[in-house]
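See structure below.
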Ligand SMILES: [Zn+2]
Ligand SMILES: [Zn+2]
Ligand SMILES: [Zn+2]
Ligand SMILES: [Zn+2]
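Protein chains in written order, with full-length UniProt numbering: chain A, 1 to 412; chain B, 1 to 412.
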């Protein structure tokens with residue numbers, strides 16, 4: 001059943017890494033999986049490894065690109081303000097009862113690029129609203145969760161448009177396997193070493209307790225104030241349920257929470273952002289008091305503006321992340337049109353919801369306390385890339401003194 | 001994407017019949033679909049026709065035979081007392097809020113035949129219990145619902161074991177299309193004529209108001225008392241939400257509710273019963289006071305006994321149905337190993353839950369009133385075949401007088 005261009009041994013290693021490293025799935029724990037139908041071969045392997053790890057019940061919910069397109073092409077207008085609220089409510093209940101969550105990404109990033117942006121925005125908003133209680137349990141790290149990728153043909157053809165489908169799928173599969181560190185003899189050990197390195201970088205940043213970071217590069221002169229009591233994280237991390245997992249596979253970043261009210265200056269994106277089917281390129285925004293007051297883009301500007309109008313928090317930052325320019329994903333030179341990969345090629349910021357775990361003692365802070373310390377709130381969380389080999393970053397201490405953090409895209 | 005052996009025009013007609021005849025889907029109505037992953041091509045066509053009919057949201061939930069097998073082979077023992085209760089709760093909520101329901105059948109009927117029957121029974125019981133609130137809304141006909149079939153390769157290979165897969169799929173596809181009356185120029189009109197014929201048979205039986213039916217044939221001498229105030233139905237029928245739909249495609253039966261306490265004598269099955277992966281053949285049971293007091297089978301007797309021990313109502317009847325031996329499905333000579341088809345080849349009875357709609361004014365009867373009139377209650381509803389060209393059926397009036405209903409398997 002595996003696509004003939006996808007190496008079955010490496011796919012099986014990816015499944016094993018997802019269950020053992022990504023989720024650290026516990027004996028008796030339920031697992032909720034979401035996946036594109038094309039990822040069926042990976043779902044089957046993950047299901048087997050999950051049960052071998054002692055899973056109680058594995059429940060998979062498939063999305064189908066053709067069904068999504070049928071909705072845009074034939075559904076009545078009212079459909080676009082609707083969402084399967086009862087399903088998301090149920091998922092939220094499953095997480096509250098201890099289930100882990102695994103998402104397989106791999107949809108065609110351009111799927112909705114030909115559809116009415118107003119309908120896309122309405123459908124996304126309805127979906128985000130319905131999904132909020134479940135997403136909060138993930139964003140607040142109540143549970144162990146993980147996201148991995150499968151090389152769907154429709155995605156592969158976007159990444160490698162000049163190759164025949166089989167070649168494109170093979171190239172994307174191999175790029176996913178390399179970035180996910182499963183093309184080595186012992187992927188579980190490779191992940192342990194990688195996690196140790198990311199932990200070292202986080203520890204250095206946490207020792208410095210910078211008040212702000214200053215990004216300087218072409219089209220960028222941005223001061224990102226950090227939230228009071230922020231904490232840097234990277235790699236493996238412990239959820240509130242006590243399970244240490246790797247939410248993102250791949251991951252190359254160390255990241256924390258900016259102060260929602262203390263971002264000043266202008267910044268330019270360094271890679272295109274593929275947002276739910278639309279490519280947004282050459283973003284340029286200006287912040288005042290933490291709020292985006294000017295935004296433009298050479299492509300997808302209308303969709304960017306829809307995003308910014310989702311809610312008040314959509315104009316403010318929920319994450320800032322540091323990734324060396326020499327990271328394997330950047331070195332691959334591939335633009336994946338998928339945030340899970342592209343954010344790991346570059347330093348980035350995210351519009352919208354912050355992660356409560358990026359605060360000291362974050363698990364015990366109330367939403368009000370998080371807000372008071374500068375944590376942002378929103379229905380969205382959208383990462384976009386602002387790093388390159390031409391960007392320098394300084395850490396600014398509370399007394400205004402500066403320490404080089406990165407030079408020309410590398411750790412200083 | 002369609003299996004190359006499945007005629008795409010006929011598959012599209014099946015999708016159209018499912019939406020327009022099976023569901024009579026209304027503008028703005030949501031639709032919940034359950035399907036095997038192999039039925040993806042039919043789901044896509046149904047999704048398109050549903051949106052063209054004005055569906056609000058179409059949500060499809062796929063089941064995967066490989067995932068089911070992985071559970072049986074690798075999951076810890078505790079897994080088999082678990083079910084995705086939160087999902088079924090949500091479905092129940094969706095139906096309460098007006099959604100219609102479409103099930104695509106087509107799983108390999110022998111899927112679980114090699115698995116531990118005790119685990120199969122436990123998993124089925126956990127699932128039935130969790131599913132009960134949603135199933136009741138379907139069984140009580142609160143909503144318009146429909147079930148159609150897709151010729152999964154794994155099913156086709158069971159039905160036509162001596163053919164190569166492509167030939168088996170093509171034969172099963174054509175048998176499904178013929179039985180579902182979509183191999184004609186205007187399937188919607190063909191269904192209107194067929195519904196009119198079934199309505200005529202029901203009207204005759206309702207006019208007679210028999211107290212009981214008497215089945216006489218090889219290994220069978222059974223008197224099935226009918227529930228007080230029972231009503232015969234067949235073909236199109238109106239759900240409590242006011243929508244007239246065809247729940248089963250195909251359907252050839254007229255059916256009503258037996259009296260749970262008034263079934264006497266013995267009966268032999270005339271076709272094998274494929275129950276959740278196990279074949280149960282040559283069933284022989286004896287009833288006293290409506291209750292099965294003796295049960296044997298030449299194959300699958302252990303599973304039959306597990307079924308009978310599900311709950312008290314599992315030993316009593318919830319349905320009796322009349323189907324002429326000359327029905328197109330019987331004439332095809334194919335054993336489908338699938339109740340949706342095989343029950344329409346023959347007169348049958350069902351163990352377990354009755355349909356409240358098979359009572360006069362059933363929509364307004366409370367569960368207590370239905371019970372008082374002889375309606376049975378159970379977590380299960382399992383049809384098995386007791387008709388053949390050697391079975392005669394008499395209707396017995398309240399005064400004991402007899403009217404021939406069927407002779408040698410045909411309407412008298
Ligand atoms: Zn990030
Ligand atoms: Zn992020
Ligand atoms: Zn029936
Ligand atoms: Zn039945």
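Note that CB positions come from ideal geometry on N, CA and C, so glycine has one too. Computed from a predicted model, the values in this text were never measured in an experiment.
query, result
"Endpoints, beta strand (DSSP E) assigned at residue 424(A)", "Beyond the ends of chain A as shown, which are 1 and 412, falls residue 424(A); an answer cannot be given."
"Residue span of the beta strand (DSSP E) that contains residue 220(B), given as start and end", "220–226"
"Separation of residue 285(B) from residue 223(B), as counted between CA atoms", "13 angstroms"
"CB contact check: residue 66(B) to chain A, cutoff 7 angstroms", "yes"
"Three-state secondary structure (DSSP) of residue 1(A)", "Confidence at residue 1(A) is low in this model, with a pLDDT of 49, below 50, so the placement of that residue is unreliable and no value is reported for it."
"Outcome for residue 261(B) when other beta-carbon atoms lying within 10 angstroms are tallied against a minimum of 16", "exposed"
"Any non-hydrogen atom of ligand 4 within 6 angstroms of residue 350(B) CB", "yes"
"Heavy atom of ligand 5 within 6 angstroms of residue 301(A) beta-carbon", "Questions concerning ligand 5 fall outside what the structure shown contains, since the ligands it does hold are ligand 1, ligand 2, ligand 3 and ligand 4."
"CB contact below 7 angstroms: residue 121(A) versus chain B", "no"
"First through last residue of the beta strand (DSSP E) which encompasses residue 160(A)", "Where residue 160(A) is concerned, there is no enclosing beta strand (DSSP E), given that its DSSP letter is neither H nor E."
"Residue 319(A): CB within 6 angstroms of a non-hydrogen atom of ligand 2", "yes"
"Residue 383(A) CB to nearest heavy atom of ligand 2 below 6 angstroms", "yes"
"Any 3 or more C-beta pairs closer than 8 angstroms across the segment 75–82 of chain A and the segment 41–55 of chain A", "no"
"Closest Cα partner of residue 418(A) within the set 94(A), 390(A), 348(A) and 365(A)", "No answer is possible for residue 418(A): it lies beyond the span of chain A, which begins at 1 and ends at 412."
"Residue 231(B): CB within 6 angstroms of a non-hydrogen atom of ligand 3", "no"
"Nonlocal neighbours in the same chain, by C-beta distance under 7 angstroms from residue 92(A), ignoring five residues either side", "133, 134 and 137"
"At least three beta-carbon pairs within less than 8 angstroms, the segment 253–271 of chain A to the segment 230–239 of chain A", "yes"
"Chain-ordered residues of the segment 28–62 of chain A with a beta carbon less than 8 angstroms from chain B", "28, 30, 37, 40, 43, 44, 47, 48, 51, 52, 54, 55, 56, 57, 58, 59, 60, 61 and 62"
"Inter-residue spacing [alpha-carbon to alpha-carbon] between residue 194(B) and residue 178(A)", "60 angstroms"
"C-beta neighbour in chain A for residue 399(B), strict 7 angstroms", "no"
"Helix, strand or coil at residue 242(A) according to DSSP, with G and I counted as helix", "coil"
"Same chain only: Cβ atoms within 7 angstroms of residue 127(B), ignoring 5 sequence neighbours per side", "83"
"Touching by the beta-carbon criterion (3+ pairs, under 8 angstroms), the segment 166–183 of chain B and the segment 27–45 of chain B", "no"
"For residue 74(A), three-class secondary structure by DSSP", "helix"
"Beta carbon proximity, residue 76(B) to chain A, threshold 7 angstroms", "yes"
"Contact set for residue 269(B): own chain, Cβ-Cβ below 7 angstroms, skip 5 residues either direction", "282, 283, 384, 385 and 386"
"Rounded straight-line distance, which links the Cα of residue 24(B) to that of residue 361(B)", "22 angstroms"
"Three-state class that DSSP yields for residue 392(A) in the structure shown", "strand"
"Within chain A, partners of residue 87(B) - CB distance below 7 angstroms", "59 and 90"
"Any non-hydrogen atom of ligand 1 within 6 angstroms of residue 414(A) CB", "Because residue 414(A) is not part of the residues shown, which for chain A are 1 to 412, the question remains open."
"Beta carbon of residue 146(B) nearer than 7 angstroms to that of residue 22(B)", "yes"
"Helix, strand or coil at residue 344(B) [DSSP, three-state]", "helix"
"Beta-carbon proximity check, residue 199(A) vs residue 144(A), cutoff 7 angstroms", "no"
"Contact check, residue 402(B) vs residue 389(B), beta carbons under 7 angstroms", "no"
"Beta-carbon spacing of residue 263(A), residue 317(A) below 7 angstroms", "yes"
"Test: residue 171(A) CB closer than 7 angstroms to a CB of chain B", "no"
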